[in-house]
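Residue numbering for the sequence shown is 635 to 856, as defined by this note's numbering. All C-beta atoms, glycine included, are put in the ideal place defined by N, C-alpha and C. Shown next, in structure tokens, is the structure this report addresses.
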Amino acid sequence: MKRNTVIAAVAAVALVGGGTAAAIAVSGDDEGPAKKTVAVTNDADGTDGTAQDGDSSARPTDGAAEDKAENSAAAKAGQITAADAIRAALRHTSGTAVSADLDDEGTAHVWEVDVLAGGGTWHSVQVAPADGKVLGSHTEKDEDGDDAAETAQIRAALKGTSVSAAEAAEAAAAKGTVTSVDLDEESRDPAWDADTTAPDGTGSEWRVNPDSGKVTADRSND
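As structure tokens, then:
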């Protein structure tokens with residue numbers, strides 16, 4: 635569910651290579667999903683069941699050399715990951731994070747984090763990718779009159795799940811630099827959608843299971 639009009643194409647600092655990334659639970663409102671820590675081991679044999687064999691290469695989302703160069707260069711400019719941006723936003727505005735996108739605001743980039751607060755109010759929190767400072771926030775208006783139905787659908791998709799947006803971002807980080815994480819509440823099997831950028835600038839799409847944290851390649855647009 636991307637509520638922002640500009641979709642991220644670039645990223646903060648890349649998290650690549652072997653090793654283990656441990657997700658850290660983030661705060662949410664009373665109606666949000668229960669949080670747990672999800673361990674992601676980026677081993678070749680995928681023995682932990684999170685990053686499995688056969689999922690190491692997702693469908694590239696950009697193939698042009700200029701796109702790769704732009705993505706790679708921009709990724710080096712940031713210091714704050716998607717998960718850290720979400721945590722910073724939730725420290726500023728209580729609720730449940732539903733998406734985080736690294737938006738290009740003309741001459742600079744900023745993390746846009748959508749937070750669903752109690753009572754169904756939506757907040758957009760801007761976080762600086764260089765240092766994690768909250769730059770501002772605003773309440774989103776229901777301009778098309780369908781926020782109530784959309785909010786109900788999102789809450790239904792999150793009900794009973796145990797992986798938060800920040801934890802999904804941590805899981806997807808085993809595949810590259812996360813440029814966005816977003817709840818797909820409209821599919822038959824709701825999941826967190828995550829976009830990553832490889833060191834060479836190639837973009838890929840992934841789905842993170844909202845119950846187990848398992849990362850699989852997104853083949854929905856193949």
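In whole angstroms, give me the CA-to-CA distance for ALA717 and GLY753. Residue numbering aside, residue 717 sits at position 83 when the sequence shown is read from its first letter. Residue numbering aside, residue 753 sits at position 119 when the sequence shown is read from its first letter. Each residue's alpha carbon lies about 24 Å from the other.
According to DSSP, simplified to helix, strand and coil, what is ASP852? Start at 1 with the first residue of the sequence shown, and residue 852 comes out as number 218. Of the three classes helix, strand and coil, the one that applies to ASP852 here is coil, per DSSP.
DSSP state of THR671 mapped onto helix, strand, coil: The count along the sequence shown starts at 1 and reaches residue 671 at position 37. Confidence at THR671 is low in this model, with a pLDDT of 40, below 50, so its placement is unreliable and the value that follows should be read with caution. In this structure, THR671 counts as coil in the three-state DSSP scheme.
Based on the DSSP secondary-structure assignment, which residues constitute the bridge partners of ARG841? Position 207 of the sequence shown, counted from the start, is the residue given in the question as residue 841. Per DSSP, the beta-bridge partners of ARG841 are ASP827, THR850.
DSSP three-state call for GLY729: helix, strand or coil? In the sequence shown, the residue the question calls residue 729 occupies position 95. Per DSSP, reduced to three states, the secondary structure at GLY729 is coil, with no helix or strand assignment.
Taking only the alpha-carbon atoms, compute the straight-line gap between VAL749 and HIS726 and give it to the nearest angstrom. Translated into the one-based positions of the sequence shown, residue 749 becomes position 115. Translated into the one-based positions of the sequence shown, residue 726 becomes position 92. Note on geometry: alpha-carbon atoms of VAL749 and HIS726 lie some 10 Å from one another.
What are the start and end residues of the beta strand (DSSP E) that includes GLU746? Position 112 of the sequence shown holds residue 746. Residues 743–750.
Mind checking whether ALA828 and VAL842 have CB atoms under 7 Å apart? Counting from one through the sequence shown, the residue named residue 828 turns up at place 194. Counting from one through the sequence shown, the residue named residue 842 turns up at place 208. Cβ atoms of ALA828 and VAL842: closer than 7 Å.
So the candidates are ASP780, LYS775, SER821; which of them puts its Cα closest to the Cα of LEU792? Residue numbering aside, residue 792 sits at position 158 when the sequence shown is read from its first letter. Of ASP780, LYS775, SER821, the residue nearest in Cα terms is SER821.
Restricting to Cα atoms, I'd like to know which of THR831, ARG853, SER846 is closest to ASP701. Residue mapping note: residue 701 aligns to position 67 of the sequence shown, counting from 1. For the residues THR831, ARG853, SER846, the minimum Cα distance to ASP701 belongs to THR831.
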